[in-house]
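One structure is given here, and the rest of the page talks about it.
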Amino acid sequence: MHPNRMRILDRWVGRPLCGIVSGWTVAARLFGGRRQHREPGSAEQPSAILFIMLAEIGALVLTAPALRRARERFPDARLLFLTFPAGVEMLELMGFERGQIIVIDPAGVPTLMRSSFAALRRLRRESGLASVNFEVYSRFSTLMAFLSRARLRAGYHRFHEEGGYQGNLITQRVVYSPHHHMASSYVALVEALSDPPGREPCAKLPAADVLALRLRLPADADRSAGIWAAIRRRLSPDIDIETERAKLIILNCNASDLVPLRRWPQERYVGLARRLLACSPHHVVVLTGSPAEAPDVAAMARRISDARVVDLAGATSLRELIDLYNVASLMVTNDSGPAHFASTTELPTLVLYGPETPRIFGPLGPRQEVVYLAPLCSPCVSVYNQKRSTCTLNRCMLDISVDLVFDRCRRMLERSDQCGAD
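In our numbering, the protein residues as written are 3 to 424.
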């Protein structure tokens with residue numbers, strides 16, 4: 003299902019459903035007889051915690067500090083995850099087993115409904131369930147948390163903000179702050195599970211050191227050797243690259259359909275690739291992308307027209323993509339999932355930002371850098387508008403020149419002692 007259709011359903015179907023269910027819960031409390039009461043200050047230790055993150059795979063990486071905090075706070079609780087199919091492989095790399103991952107299929111409305119009901123049937127069998135909703139102002143995920151019968155439900159609440167209506171279905175209400183990195187906000191949701199009722203907003207704590215808690219996926223010698231072998235197989239036989247001297251430079255030129263405005267023009271990537279290849283005979287440019295992006299990436303490879311270009315779009319699993327990051331020397335990417343995947347490694351990465359600010363969703367990692375011109379109209383997409391914009395000319399990306407990006411690439415390679423005297 004296209005992201006815009008999911009946005010429409012969440013707004014025009016999810017909002018009234020949240021209102022109806024909230025009204026029903028109020029009526030049930032008023033006329034349904036005695037209800038269980040929990041004294042303020044009493045602590046509940048959940049037997050299982052459901053984490054909800056559906057649409058953005060890259061954001062899963064940013065949940066790692068919160069998941070680590072949950073394991074520390076609730077060592078005896080079983081951790082579960084609710085996600086879309088695209089998130090399964092990343093969750094497995096993060097240490098979740100397949101039995102802990104509950105998948106909802108958004109391919110169409112019928113499959114969405116069927117898989118959602120199946121997920122709820124499974125969750126309602128869990129005793130002592132709590133939920134943490136990583137989605138900001140999402141009515142669908144809020145309803146799923148409520149219908150799962152989770153007693154404690156942590157989520158972002160609008161309080162006195164306009165918009166973002168989710169009814170009265172969250173028990174542990176946390177402020178969504180546009181002034182803190184999203185990874186810190188995710189940690190606040192976990193901390194909110196320990197707060198007693200009546201303390202609002204929840205999680206009145208200092209921001210967590212999320213950089214120290216970031217997800218790391220270290221290199222494996224055998225897997226790295228396999229990546230080099232795959233690169234050699236795709237190069238022309240007359241090109242001999244020495245592992246010790248070759249520098250793999252990854253260009254990730256696309257972004258998901260969630261926010262198409264984040265794309266730097268493909269012709270700029272073509273120009274950047276040509277300059278990077280010209281600056282050293284040891285440079286190899288590797289193009290990556292999803293299977294859906296493979297035709298566009300193949301066209302880009304033809305336009306670059308150099309024997310030292312390797313097209314891997316649609317040809318790697320997520321695990322193999324991480325392995326590629328562990329042997330590469332540099333990556334340039336739009337603001338998209340690969341920027342966050344690369345932050346699990348030591349790969350120097352240059353991320354191009356435009357319609358969204360890196361202050362909130364910037365990749366975690368000491369070797370990630372950003373290009374962000376910060377025009378007055380940016381950020382124009384955020385959780386407040388479901389990441390939709392009326393912009394038809396993304397000057398924030400168009401004004402990022404090839405010269406600027408190439409200069410940053412050279413400096414990053416030099417700082418990493420990768421470029422030498424080439």
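Glycine included, each C-beta is placed from N, C-alpha and C at the ideal position.
As the structure is a prediction and not an experimental result, all values here were calculated from the model.
Excluding the five sequence neighbours on either side, which residues of its own chain have a C-beta within less than 8 angstroms of the C-beta of LEU278, listed in chain order?
-> For LEU278, where only same-chain residues beyond five positions count, the Cβ hits under 8 angstroms are ILE251, HIS285, VAL287, PHE408 and CYS411.
Compute the distance between the beta-carbons of MET146 and SER186, then report whether it is under 8 angstroms.
-> No, the Cβ-Cβ distance between MET146 and SER186 is not below 8 angstroms.
What residue ranges within the region 266–312 form continuous beta strand (DSSP E) runs of no fewer than 3 residues, ordered along the chain?
-> Runs of the beta strand (DSSP E) spanning 3 or more residues and lying entirely within the region 266–312 occur at 285–290, in chain order.
Of all the options TYR271, LEU260, ASP308 and ALA194, which has the alpha carbon lying nearest to the alpha carbon of LEU253?
-> Of TYR271, LEU260, ASP308 and ALA194, the residue nearest in Cα terms is TYR271.
So what does DSSP say about ASN328, is it helix, strand or coil?
-> ASN328: helix per DSSP, three-state reduction.
Does the Cβ-Cβ distance between ALA341 and THR335 come in under 8 angstroms?
-> Yes, these two residues count as a Cβ contact at 8 angstroms.
Proximity below 8 angstroms, CB of ILE54 to CB of ALA132 = No, the Cβ-Cβ distance between ILE54 and ALA132 is not below 8 angstroms.
Measure the Cβ-Cβ separation of PHE136 and TYR188 and say whether it is below 8 angstroms.
-> Yes.
Assuming ILE241 and ALA309 form a contact by the criterion Cβ under 8 angstroms, report the distance between their Cβ atoms to the nearest whole angstrom.
-> With a beta-carbon spacing of about 6 angstroms, ILE241 and ALA309 fall inside the 8 angstroms limit used to define contacts.
Which residues in the same chain have their Cβ closer than 7 angstroms to the Cβ of CYS20, if we skip the five residues on either side of it in sequence?
-> Result list for CYS20: ARG141, THR144, LEU145, TYR167, GLN168, GLY169 and LEU171, in chain order.
Return the first residue and the last residue of the beta strand (DSSP E) that PHE83 is part of.
-> Start and end: 80–85.
Can you tell me where the alpha helix (DSSP H) with GLU246 in it begins and where it stops?
-> Note, GLU246: premise wrong, no alpha helix (DSSP H); not H, not E.
What number of angstroms, rounded off, separates the C-alpha of ALA194 from the C-alpha of SER403?
-> Whole-angstrom Cα-Cα distance: 44 angstroms.
What residues match up with GLU371 in a beta bridge as DSSP calls it?
-> GLU371 is bridged to LEU352.
Under the assumption that LEU289 contacts ALA301 (Cβ atoms under 8 angstroms), give the Cβ distance between them as a whole number of angstroms.
-> Not really, about 10 angstroms apart at Cβ, beyond 8 angstroms.
Nonlocal neighbours in the same chain, by C-beta distance under 6 angstroms from ARG225, ignoring five residues either side | Closer than 6 angstroms at Cβ, skipping near neighbours: ASP325.
Does the Cβ of GLU164 have 16 or more other Cβ atoms within 10 Å, making it buried, or fewer, making it exposed?
-> That one is exposed.
Use the C-beta contact count for PRO208: other C-beta atoms within 10 angstroms, 16 or more gives buried, fewer gives exposed.
-> Looking at its Cβ environment, which holds fewer than 16 other Cβ atoms inside 10 Å, PRO208 is exposed.
VAL343 - DSSP class collapsed to helix/strand/coil | The displayed chain sequence assigns Phe, not Val, to residue 343. It is helical.
Beta-carbon proximity check, GLY157 vs MET3, cutoff 8 angstroms | No. Outside cutoff.
Take every Cβ of the region 217–234, pair it with every Cβ of the region 312–327, and state whether three or more of those distances are shorter than 8 angstroms.
-> Enough Cβ pairs lie closer than 8 angstroms, so yes.
If we ignore side chains and look at the alpha-carbon of each, how far apart do LEU395 and VAL383 end up?
-> The alpha-carbon atoms of LEU395 and VAL383 are separated by roughly 14 angstroms.
Can you grab the Cα-Cα spacing for the pair GLU246 / GLY356, in whole Å?
-> So the two alpha carbons sit approximately 36 angstroms from each other.
Among MET115, PRO199 and ALA68, which one has its Cα closest to the Cα of LEU213?
-> Comparing Cα positions, the closest option is ALA68.
Beta-carbon gap between VAL63 and THR85 smaller than 8 angstroms | Contact: no.
DSSP state of VAL176 mapped onto helix, strand, coil = In the three-state reduction of the DSSP assignment, VAL176 falls in the strand class, which pools E and B.
With DSSP as the reference, label GLY60 as helix, strand or coil.
-> In this structure, GLY60 counts as helix in the three-state DSSP scheme.
Cβ shell of LEU375 (< 8 angstroms), same chain only, five flanking positions each side left out | Excluding positions up to five away in sequence, the list reads GLY356, CYS398, ASP401 and ILE402.
What did DSSP end up calling ARG126 once you bin it into helix, strand or coil?
-> DSSP, reduced to helix, strand and coil, places ARG126 outside both helices and strands of the structure shown, so it counts as coil.
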